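Under the working numbering, the first residue of the sequence shown is numbered 4, with each subsequent residue one higher.
A virtual CB, placed ideally from N, CA and C, is assigned to each residue, including glycine.
A quick note: this is a predicted structure, and the numbers were derived from the prediction, not measured.
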Amino acid sequence: MNAPEHFPNQIIDSDALRRALTDLTSASHDGSAPEIRAEVLKLLKNAYQEGREKARLLLEQDGKGTLCAERLSWLQDELIRVVYDFATTHVYRVTNPSAGERMAVVAVGGYGRGTLAPGSDIDLLFVLPYK
4 MNAPEHFPNQ IIDSDALRRA LTDLTSASHD GSAPEIRAEV LKLLKNAYQE GREKARLLLE
64 QDGKGTLCAE RLSWLQDELI RVVYDFATTH VYRVTNPSAG ERMAVVAVGG YGRGTLAPGS
124 DIDLLFVLPY K
């Protein structure tokens, strides 16, 4: 998914992050290995921190608080999409998933309004197939 016009791709490069995560599994193809998970977490934390810093710098340039909150929400959305893609491709692979064998990510709490305050947390529920 492309960033909306007013959310520059400079906040996060989702494609580069996906490639970096995939590279971690190139040798073993097992995204669930503890050492891989630690590296995944490190990459995600770095992307999150860098994205927040870029959003802060843009806020200082344009002074638009609501736009900054939208940028933070978009950053979080992108990170969730990247995590979902990694999980379904490298951790919980299903070669031929039926409708009942797909993972769902459900936002709980206040997430979903499209704006996040700088200190907001995200509550997610990952629903795995019954198998």
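Considering only DSSP beta bridges, list what residue i is partnered with.
{"i": "V111", "result": "D126"}
Could you tell me how far apart the beta carbons of residue i and residue j are, in whole angstroms, since I believe they sit closer than 8 Å?
{"i": "L138", "j": "I125", "result": "Only positions 4 to 134 of the chain appear in this structure, which leaves residue 138 out of reach."}
{"i": "L82", "j": "L47", "result": "6 Å"}
{"i": "L24", "j": "F89", "result": "5 Å"}
{"i": "V108", "j": "Y95", "result": "Not a contact, Cβ separation roughly 12 Å."}
{"i": "T91", "j": "M106", "result": "6 Å"}
Rounded to the nearest angstrom, what separates residue i and residue j at their Cα positions?
{"i": "A120", "j": "C71", "result": "9 Å"}
{"i": "R3", "j": "L131", "result": "Because the chain in this structure spans residues 4 to 134, residue 3 falls outside the shown range and cannot be described."}
{"i": "A50", "j": "R21", "result": "11 Å"}
{"i": "K57", "j": "A30", "result": "33 Å"}
{"i": "D16", "j": "S101", "result": "31 Å"}
{"i": "T69", "j": "A19", "result": "27 Å"}
{"i": "T98", "j": "A110", "result": "26 Å"}
{"i": "Q64", "j": "G122", "result": "20 Å"}
{"i": "L60", "j": "N12", "result": "14 Å"}
- Query: Is the segment 63-76 in contact with the segment 34-49, if contact means three or more CB pairs nearer than 8 Å?
  - Reply: At 8 Å Cβ cutoff, the stretches do not touch.
- Query: Can you give, in chain order, each stretch of the alpha helix (DSSP H) that sits fully within the segment 34-112 and has at least 4 residues?
  - Reply: For secondary structure counted as the alpha helix (DSSP H) over 4 or more consecutive residues, the segment 34-112 holds these complete runs in sequence order: 37-65 and 68-89.
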